[in-house]
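Encoded as structure tokens, the structure appears first; notes follow it.
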Amino acid sequence: MIDLRELKERKEEIGKNIADRGMKVDLDLIIELQNQRSLLLQQTEALRKSRNENAKKMKGKMDQNTRTALIEEGKTLKDRISEIEETLKKVEQQYFSLARTIPNYAHPSAPVGALDKDNLEISSWGEPASFTFTPKDHVQLGEQLDIIDFESATRVSGPKFYYLKNEGVLLELALQRYAIDILQKHGFILTITPDIAKEEIVEGIGFNPRGEESNIYTIEGTGTCLVGTAEITLGGYHAQHQFDESDLPLRYAGLSHCFRREAGGAGQYSKGLYRVHQFSKLEMFVYCTPEMSDEIHSQLLSIEEEIFRGLGIPYRIVDTCTGDLGAPAYRKFDIEAWMPGRGESGEYGEVTSTSNCTDYQARRLNVKYKTKEGETRFVHLLNGTAIAVSRAIVAILENFQMSDGSIKIPSALVPYMGITEIRR
RNA sequence: GGAGAGAUGUCCGAGAGGUCGAAGGAGACGGAUUCGAAAUCCGUUGUGCCAUGUUUUGGUACCGAGGGUUCGAAUCCCUCUCUCUCCGCCA
């Protein structure tokens, strides 16, 4: 949620931002509702004032006639208050539910564009490997090596699920531990978070838990959801909390399972591990002051780079365009790893994403801090993928495959796996 | 799962229909005292919203959350959530 007190002054800017993001929000209606609310509030408060004054008059002793008259007056006020409060409640509901749909402001440098084609490549690292043979995709490799079983998972759980087997399990755990060690080195507080969160937390982070197009699984009758990312549980961790400025920045690493419905997301790239209903992810999440957030955003990106460079996987970085940002994000950088088995002859595929959400989520979750001067302000919240294990597995299998179908384990992972290659 | 107790401001803790935004204490901050400090004394010390102003002022709301009773609720009633104690069960 943006600061609604700025709605009128920054209306033009907000409207342009909505258009840049390819969204539709009726700002005039929201402003109209804001005016109505303000008017109704003033009326209610004036009536409440009369009610309080009336009640105060009745403190001491008085003759019966005066008392009866005051009670009558009070009853009348009471009726009028509840009448007007009812209207106010309706207006407020509509006002806030529409206002919540206004997206965050976008960083002035974020590229303007509608589709992911408009994302701006800002750098790249590593050379896509050239193979002396035709590289396989991770689905073939995983099945031949008996480390991933899609078929059984489809029978047991449905499409877009998978079993990891044998060295596949070791690879998953090695990647988790590899990334955890890097984040610990950078001073992150390590957590394993719940995989379930209450709907209001999910909403506060900016996900819509309901509806056909929602990517969130809700658990019927409980008011809770399966988390799509530990961003949800790490952001909820300090909801309703007020920090001291000296507490910040606060960096968390959260390991969780991630569950995504991916409704209607079937396409050529949904094959295999790339788009699945459940995966493990180590997420970075930072609470900081507004002054710090740009700098910390760069830090998160460079940690992501450190992780992928350490694995030796070629990648590029894109600055996400306005249309692809997602409502809470002010700016977002993605790392796209080279995946030789993707497309005709290899393509980049998203493996991490880091967003600066400024105070947008903090307003919804009510996370504040007190400045040294004693002022109360909203914190800035940032998130970033340290490692989304399933996608990292795609990149590793496809990049480090040998002509005989075996996999050479990146040296950074060897200590965690205890083996140097996977072969059958 | 069964039985009981509780939830008040930064913290501890009073409060039992109007005099309560809330006693008292602690802490923090400002000041006095001191060469300085401790001790002592005096003062200040929550947040949201609406309007107004632009380093103000006024109003309103908030005593776990949501409803209700009443002219008037921290105080009475209902529902929910959470915490604690005891018993049972369990990884």
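Start counting the first sequence at 625; every next residue gets the next number (the numbering used here). For each residue, glycine too, the CB sits at the ideal point set by N, CA and C.
Identify which residue in the options has its Cα closest to the Cα of residue i.
| i | options | result |
| --- | --- | --- |
| T756 | L799, L701, S1027 and I1033 | S1027 |
| G947 | A723, Y719, A693 and A734 | A734 |
| E710 | K680, T668 and V736 | T668 |
| P1039 | Q800, I941, F1002 and F867 | Q800 |
| K956 | K635, V736, I726 and E775 | V736 |
| S977 | Q864, E836, T857 and M908 | M908 |
Residue j and residue i - do their beta-carbons sit closer together than 8 Å?
| i | j | result |
| --- | --- | --- |
| K673 | I655 | no |
| E791 | I1046 | yes |
| G811 | R885 | no |
| L906 | L949 | no |
| K992 | T1000 | yes |
| G896 | G859 | no |
| A730 | N641 | yes |
| T913 | E869 | yes |
| V851 | D819 | yes |
| C849 | A887 | no |
| M625 | Y984 | yes |
| L769 | I1031 | yes |
| I726 | I806 | no |
| C882 | D742 | no |
Am I right that residue i and residue j are in contact with their C-beta atoms under 8 Å? What's the rounded C-beta distance?
| i | j | result |
| --- | --- | --- |
| L788 | I771 | 7 Å |
| I959 | Y939 | 5 Å |
| V942 | I746 | 7 Å |
| Q718 | L657 | 6 Å |
| M963 | A1036 | That belief does not hold up - the Cβ atoms of M963 and A1036 are roughly 19 Å apart, past 8 Å. |
How many angstroms separate the CA atom of residue i from the CA atom of residue j?
| i | j | result |
| --- | --- | --- |
| L664 | K713 | 10 Å |
| A753 | L1021 | 12 Å |
| G766 | D773 | 8 Å |
| E974 | G936 | 16 Å |
| S1014 | T995 | 41 Å |
| S979 | G845 | 32 Å |
| D627 | R704 | 32 Å |
| N676 | N832 | 41 Å |
| Q808 | I1011 | 14 Å |
| V793 | Q1025 | 18 Å |
| G1042 | V1003 | 43 Å |
| K702 | G639 | 41 Å |
| M682 | E707 | 24 Å |
| T990 | A951 | This sequence places Asn at residue 990; Thr is not what is there. So the two alpha carbons sit approximately 17 Å from each other. |
| G998 | L872 | 15 Å |
| G1008 | Q660 | 40 Å |
| G965 | E637 | 43 Å |
| Q764 | Y786 | 14 Å |
| Q892 | F867 | Low confidence applies to Q892: its pLDDT is 47, below 50, so where it sits in the model is not reliable, and the reading given next is rough at best. About 46 Å. |
| K784 | T1044 | 29 Å |
Does DSSP classify residue i as helix, strand or coil?
| i | result |
| --- | --- |
| T846 | coil |
| K680 | helix |
| S1030 | coil |
| S754 | coil |
| F831 | coil |
| Q892 | Bear in mind that a pLDDT of 47 at Q892, under 50, signals an unreliable position, so the model cannot answer this. |
| S977 | strand |
| D761 | coil |
| K632 | coil |
| S747 | strand |
| D687 | coil |
| S706 | helix |
| G1008 | strand |
| K905 | strand |
| T1044 | coil |
Should residue i be counted as a contact of the ligand GDP given a C-beta to heavy atom distance under 7 Å?
| i | result |
| --- | --- |
| I1033 | For the ligand GDP, the structure offers nothing, since it holds no ligand at all. |
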